[in-house]
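In our numbering, the protein residues as written are 19 to 81.
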């Protein structure tokens with residue numbers, strides 16, 4: 019808990035602009051972490067593009 023307390027104290031001493039940027043960065047990290055949890059389940063970008071090509075009536079791009 020010491021690390022959290024030190025971090026909170028450091029944040030309290032920062033101007034509002036820095037706290038706002040830190041908040042946005044933490045939200046970004048949380049979003050990225052959630053995406054990584056699903057990365058082994060969700061199809062990759064290449065698979066998504068192949069499906070879009072098929073739906074558009076185009077032949078899949080060669081690999």
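Glycine included, each C-beta is placed from N, C-alpha and C at the ideal position.
Check	Outcome
Would the beta-carbon of residue 26 fall within 8 angstroms of that of residue 37?	no
Roughly how many angstroms separate the alpha carbons of residue 46 and residue 70, rounded to a whole number?	28 angstroms
Would you kindly work out how many angstroms separate the C-alpha atoms of residue 65 and residue 42, rounded to a whole number?	31 angstroms
Where residue 31 and residue 68 are concerned, what is the direct C-alpha to C-alpha distance, given to the nearest angstrom?	51 angstroms
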